[in-house]
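Here's the structure, in structure tokens; my notes come after.
2 protein chains.
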Amino acid sequence: MGLCDLCGLCGKRFGFSLAKPPGGKENGVARLRREGLRAERRQAILEAAMKVFAQRGYAAATIRAIAREANIAQGTIYLYFPSKRDILLALYRSMILESLEEIMARPRKGDEAAFLRSVLVDRIRRFRENARAVRFAFTELPFHKELREKFYREIALEQLGRIQTFLREQTARGKFRPLRTEIVARAFQGMYVIFALAEIVYGDGEVARLTPEEIADEVVRLFLHGALKKR
Amino acid sequence: MGLCDLCGLCGKRFGFSLAKPPGGKENGVARLRREGLRAERRQAILEAAMKVFAQRGYAAATIRAIAREANIAQGTIYLYFPSKRDILLALYRSMILESLEEIMARPRKGDEAAFLRSVLVDRIRRFRENARAVRFAFTELPFHKELREKFYREIALEQLGRIQTFLREQTARGKFRPLRTEIVARAFQGMYVIFALAEIVYGDGEVARLTPEEIADEVVRLFLHGALKKR
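Chains as they are written, first to last, in this note's numbering: chain A, 46 to 276; chain B, 46 to 276.
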């Protein structure tokens, strides 16, 4: 049995061979298996890391502790991430940006309300699923200058940029009135971030009882139509 | 020279007598002076406390250190605040609630846009003036369970309640359409809190360059009219 090209251990640990067949080619099934395993392993590292970051704080967290938590050899982690900073940023990137990209890539049926609603529902769901990462972003991340700057520039501002692009597109299509997108995109972000802050950081029970759909419906209505009664 | 009724020290420290005249009555000028001095002293304690909280963290901060920072006798602090928790809550109450009450108490000229604008301008100005307290509310306050709960219930939810009341009044007057105020009031809060988070916690330079008026004008327009182009 050959050695897998990920960690040199998985042939044993997972009970099947991930080796490339002789000649360096692998068949389609083997490739899918390998990719699936890689994604699973990556996810396990991210989850273990968040647990360790939340327990020990970012400064005291070590790759060794993350490896132990994920039940993976320490050296294996480095095959996925060069440093603990990269682990944390990957975690936020996956939570904040990847799903936003998926939603933005879906064919849009010209319905900006449905689009905004799916962005909001997704944001709120992900916040709830990743409560530890959300709390960490408010309470601890700000204290690590370089990390904070990278997080803000590469993830928070990226997210903001996508929203600004959407707003500009809608204005160009004649759907939205001209907006100061650097303000309106942030206000839109604020309209879902506040629910994460209230529920996860401050334990607001009234927010916890609302479904993502209830919040999204009301926020979309407000964002599109405003609070004034139409005459 | 009689003893002042605040601290027993000020006759000496401030170089003029705050004593009540014989007979226990004081004239108007003396009363105003005493009240002004009390307010000034209280403010000095709040500012010193925030400095100490930010430097040492809430748990390690002591009344003794706050007194030293404010250049006031330790015993004097207790004439104003029973505990350090009360100091911190008074600080947020003054920053968040008192000015909101002032704005809400002003005669409203039936113009909800002007009212919302003055709330927003005031919030953003106060955040900037009290950057340390804002950072503390995101990063450290969440870790002190009892304090966090008191802060959230007595200050954050109070603020939310005032906004909900305003929304309901406007709906009753036929100005606003029916709104789920528990969601819309939070969304409104989010639309200014996000600017404090971005600028003060994450150092967002683009936000720092915006004036409170610019932010408020665009957010009010969005809140009242929404983003859709009118047809």
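We put the CB at the ideal spot given by N, CA and C, even for glycine.
These figures come from a predicted structure and were not determined experimentally.
- request: Could you please give the first and the last residue of the uninterrupted alpha helix (DSSP H) stretch that includes B:Ile260?
  value: In this chain, the alpha helix (DSSP H) harbouring B:Ile260 covers 257-270.
task: Could you spell out where the alpha helix (DSSP H) holding A:Leu273 opens and where it closes?
output: A:Leu273: not part of any alpha helix (DSSP H); DSSP gives it neither H nor E.
field: chain A contacts from the region 213-229 of chain B (Cβ-Cβ distance under 7 Å)
entry: Correct list: Gly219, Lys220, Phe221, Arg222, Leu224, Arg225, Glu227, Ile228, Val229.
task: Compute the Euclidean distance between the alpha carbons of A:Phe221 and A:His270, then round it to the nearest angstrom.
output: Each residue's alpha carbon lies about 11 Å from the other.
- request: Leaving aside the five residues before and after A:Phe181 along the sequence, list all residues of the same chain whose C-beta is less than 7 Å from its C-beta, in chain order.
  value: Counting only Cβ-Cβ distances below 7 Å, and skipping sequence neighbours, we find Phe98, Ala99.
message: Against chain A, does B:His189 count as a neighbour if the rule is that its beta carbon must be under 9 Å from one of theirs?
response: No, its Cβ sits nowhere closer than 9 Å to a Cβ of chain A.
- prompt: Among B:Glu263, B:Phe233, B:Arg225, B:Glu214, which residue has its Cα nearest to the Cα of A:Arg225?
  reply: It is B:Glu263 whose Cα lies nearest to the Cα of A:Arg225.
message: Between B:Val246, B:Arg151, B:Ala135, B:Leu205, which has its C-alpha nearest B:Ala84's C-alpha?
response: The candidate whose alpha carbon is nearest that of B:Ala84 is B:Ala135.
field: Listed by chain order, chain A residues near B:Gly206 by CB distance under 9 Å
entry: Going along chain A, no residue has its Cβ under 9 Å from B:Gly206, so there is no contact; the nearest lies around 11 Å.
message: What would DSSP say about B:Phe181, mapped onto helix, strand or coil?
response: Per DSSP, reduced to three states, the secondary structure at B:Phe181 is helical.
field: Whole-angstrom C-beta distance between B:Arg79 and B:Tyr125, which should lie under 8 Å
entry: A Cβ-Cβ separation of about 14 Å leaves B:Tyr125 out of contact with B:Arg79 under the 8 Å criterion.
- prompt: Using 8 Å as the Cβ pair cut-off and three pairs as the minimum, do the region 171-180 of chain B and the region 139-157 of chain B touch?
  reply: Three or more beta-carbon pairs drawn from the region 171-180 of chain B and the region 139-157 of chain B are found closer than 8 Å, and the two stretches are therefore classed as touching.
query: Secondary structure at B:Phe221, three-state DSSP: helix, strand or coil?
result: The answer is strand: DSSP assigns B:Phe221 an E or B state.
Host alpha helix (DSSP H) of B:Thr226 (start-end): Boundaries of the alpha helix (DSSP H) around B:Thr226: 226-241.
- prompt: Where does A:Glu71 sit, in a helix, a strand or coil, going by DSSP?
  reply: In the structure shown, A:Glu71 adopts coil according to DSSP, grouped into three states.
message: For a test of the three-state rule: what should DSSP assign to B:Arg254, helix, strand or coil?
response: Three-state result, B:Arg254: coil.
field: Cα-Cα separation between A:Arg153 and B:Phe196, rounded to whole angstroms
entry: Each residue's CA atom was taken as its position, placing A:Arg153 and B:Phe196 some 43 Å apart.
- request: Classify B:Glu194 as buried or exposed, calling it buried when 16 or more other Cβ atoms lie within 10 Å of its own Cβ.
  value: B:Glu194 is exposed by the Cβ-count criterion.
- prompt: What is the C-beta distance between A:Tyr42 and A:His189, in whole angstroms, given that I count them as a contact (C-beta under 8 Å)?
  reply: Beyond the ends of chain A as shown, which are 46 and 276, falls residue 42 of chain A; an answer cannot be given.
- request: Determine the chain A residues that contact B:Thr184 at a beta-carbon separation under 8 Å, and present them in chain order.
  value: Identification of chain A residues near B:Thr184 by a Cβ-Cβ cut-off of 8 Å yields Phe183, Thr184, Glu185, Pro187, Phe188, ordered along the chain.
- prompt: Which of helix, strand or coil does DSSP assign to A:Thr121?
  reply: In this structure, A:Thr121 counts as helix in the three-state DSSP scheme.
message: Can you check whether the C-beta of B:Glu32 is within less than 9 Å of a C-beta belonging to chain A?
response: What the structure shows of chain B is the stretch from 46 to 276, and residue 32 of chain B is not part of that stretch, so it cannot be assessed.
message: Does A:Arg151 come out as helix, strand or coil in the three-state DSSP assignment?
response: If DSSP states are grouped into helix, strand and coil, A:Arg151 belongs with coil.
field: At least 3 beta-carbon pairs within less than 8 Å: the region 225-241 of chain A vs the region 156-172 of chain A
entry: A contact exists between the region 225-241 of chain A and the region 156-172 of chain A.
- request: Compare the C-beta of B:Glu194 with all C-beta atoms of chain A and state if any pair is closer than 9 Å.
  value: Yes, because at least one Cβ of chain A sits closer than 9 Å to the Cβ of B:Glu194.
task: Would you mind working out which of B:Thr256, B:Leu267, B:Leu205 sits nearest A:Phe233, comparing C-alpha positions?
output: Of the listed residues, the one whose Cα sits closest to A:Phe233 is B:Leu267.
task: Mind reading off the beta-carbon distance from A:Pro277 to B:Tyr247? Whole number of angstroms is fine, and I expect it under 8 Å.
output: Past the edges of chain A, shown from 46 to 276, lies residue 277 of chain A, and the structure says nothing about it.
task: To the nearest angstrom, report how far apart B:Phe172 and B:Thr256 are at their CA atoms.
output: Going by the C-alpha atoms only, they are around 12 Å apart.
message: Let me confirm a value: A:Val74 is counted as buried when at least 16 other C-beta atoms fall within 10 Å, else exposed. Which label applies?
response: A:Val74 comes out exposed.
task: Would you mind stating whether B:Lys129 and A:Thr216 have Cβ atoms separated by less than 9 Å?
output: Going by C-beta atoms, B:Lys129 is not nearer than 9 Å to A:Thr216.
task: Work out the CA separation of A:Ile228 and B:Ile260 for me, nearest whole Å.
output: Between B:Ile260 and A:Ile228, the alpha-carbon positions lie close to 6 Å from each other.
- request: Would you mind telling me which residues of chain B sit closer than 7 Å to A:Met236, beta carbon to beta carbon, in chain order?
  value: Within chain B, the residues Ala232, Gly235, Met236 have their CB atoms less than 7 Å from the CB of A:Met236, given in chain order.
message: Along the region 114-147 of chain B, where does the CB come closer than 7 Å to a CB of chain A? Name the residues.
response: The region 114-147 of chain B vs chain A, Cβ under 7 Å: nothing.
task: Report back the beta-carbon spacing between B:Ala230 and B:Ile200 to the nearest angstrom; my notes put them in contact at under 8 Å.
output: About 15 Å; that fails the 8 Å criterion.
- prompt: Nearest chain B C-beta to A:Tyr103 closer than 9 Å, yes or no?
  reply: A:Tyr103 does not count as touching chain B.
- request: Would you mind sorting A:Leu77 into buried or exposed? The rule is 16 or more other CB atoms within 10 Å of its CB.
  value: So A:Leu77 counts as exposed.
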